[in-house]
Amino acid sequence: MNNRTDDSRISGFDLARGLAILGMVLVNFDVVLSYEHRDPDLLRTIVSACTGRASALFVTLAGIGMILLGKRAVLFKRALFLVVVGYAWQIFWTGDILHYYAFYVAIGALCLSLGPLTLGVLAAASIGIFMLLMGALDYGAGWNWATLEYPEFWTPRGQLRNLFFNGFHPLFPWLAFLFTGMALGKLEIGRPKVRRLALVGSVLIFIGAQMLSDHFGSVEDTRGYMLQIKEWYKAPDSLYGLGSMPPGPFWHALRRGQRGVRDLPLP
Numbered sequence: 002m003n004n005r006t007d008d009s010r011i012s013g014f015d016l017a018r019g020l021a022i023l024g025m026v027l028v029n030f031d032v033v034l035s036y037e038h039r040d041p042d043l044l045r046t047i048v049s050a051c052t053g054r055a056s057a058l059f060v061t062l063a064g065i066g067m068i069l070l071g072k073r074a075v076l077f078k079r080a081l082f083l084v085v086v087g088y089a090w091q092i093f094w095t096g097d098i099l100h101y102y103a104f105y106v107a108i109g110a111l112c113l114s115l116g117p118l119t120l121g122v123l124a125a126a127s128i129g130i131f132m133l134l135m136g137a138l139d140y141g142a143g144w145n146w147a148t149l150e151y152p153e154f155w156t157p158r159g160q161l162r163n164l165f166f167n168g169f170h171p172l173f174p175w176l177a178f179l180f181t182g183m184a185l186g187k188l189e190i191g192r193p194k195v196r197r198l199a200l201v202g203s204v205l206i207f208i209g210a211q212m213l214s215d216h217f218g219s220v221e222d223t224r225g226y227m228l229q230i231k232e233w234y235k236a237p238d239s240l241y242g243l244g245s246m247p248p249g250p251f252w253h254a255l256r257r258g259q260r261g262v263r264d265l266p267l268p
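As numbered in this note's numbering, residues 2 to 268 make up the sequence shown, in order.
Structural data, given as structure tokens:
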């Protein structure tokens, strides 16, 4: 696998990475320091546009960067660093994403030699596995939704559930972003023809996700009122909506701001 030199850097990736970092800083500032103040409207619109997109973009770019780097040993060292720092930081900030990144990087390192088609299948499988888990397990297990705290986080059972299924950025389905980025990194995105195809594909996915989400999300929730309140995440407009919790299948193609508990303020 050939590694890129500084002269062959793709400036668009650097720009996107910078925007993702700024977006995550902005969203976390909104969560921690602004206390959900809604003024001025322009800034609120910008924050809503970044919510749920910045971290997803960053994971996708991480997948691209891993392919461009192409050094498995270096990636494993970075994963080890991230897992130590991430879990230590979790003590102070429960919305930490670094320890999830550690597992993203380690899994990605194991998949460096896979082709774009295989990586695309793995991305789709990650989403499919999450949907199966949603049907078999309780997405709300371990959570205190009123305070957005996860009391069972440091228990073995809670850790496994949080890491793989119902945490802020669980492996399933967030690995879909990583595998998608890795597939893009294999497609020689620097070529104009490939970029045009990627743009057209992105627009089609954007429109399709919006239409499908509106269709399936509008299905009436026939469960009892108390069950609708307790298990809000199983409502059609939650599961098939565009919020990041739960991260339904259409959120991976398009993320828009929504109100209420389904719009938890995540980066």
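Every residue gets a Cβ at the ideal spot worked out from N, C-alpha and C, and that includes glycine.
Query raised in the report: So, L179 versus V60, is the Cβ gap smaller than 8 Å?
Result: yes
Query raised in the report: By the 10 Å Cβ neighbour count, where 16 or more other Cβ atoms means buried, how is S214 classified, buried or exposed?
Result: buried
Report task. Take the Cβ of W233 as the centre, count every other Cβ of all protein chains shown within 10 Å, and call the residue buried at 16 or more, exposed below. Result -> buried
Query - Rounded straight-line distance, which links the Cα of I190 to that of L118 - result: 15 Å
Query raised in the report: Taking the alpha-carbon positions, what's the I92 to I98 distance?
Result: 12 Å
Query raised in the report: If you draw a straight line from the C-alpha of S12 to the C-alpha of L69, how long is it?
Result: 13 Å
Query raised in the report: For the 8 Å Cβ check, are there 3 or more pairs between the segment 240-249 and the segment 122-140?
Result: yes
Requested in this report: Please state if the CB of G109 and the CB of G64 are separated by a distance shorter than 8 Å.
Outcome: yes
Requested in this report: Quick one: give me the first and last residue of the alpha helix (DSSP H) that Y105 is part of.
Outcome: L99 to L111
Query raised in the report: For E150, which residues does DSSP report across the bridge?
Result: N145
**Report entry** Beta carbon of L62 nearer than 8 Å to that of F104
**Finding:** no
Query raised in the report: What separation, rounded to the nearest whole angstrom, lies between the Cα atoms of V28 and I22?
Result: 10 Å
Query raised in the report: Is M212 near M67, with beta carbons less than 8 Å apart?
Result: no
Query raised in the report: Three-state secondary structure (DSSP) at S114?
Result: coil
**Report entry** Three-state class that DSSP yields for R260 in the structure shown
**Finding:** With a pLDDT of 33 at R260, under the threshold of 50, the modelled position of this residue cannot be trusted; read the value that follows with caution. It is coil, neither helix nor strand.
Query raised in the report: Using the beta-carbon count (16 or more within 10 Å), is T155 buried or exposed?
Result: The question names Thr, but residue 155 is Trp in the sequence shown. That one is exposed.
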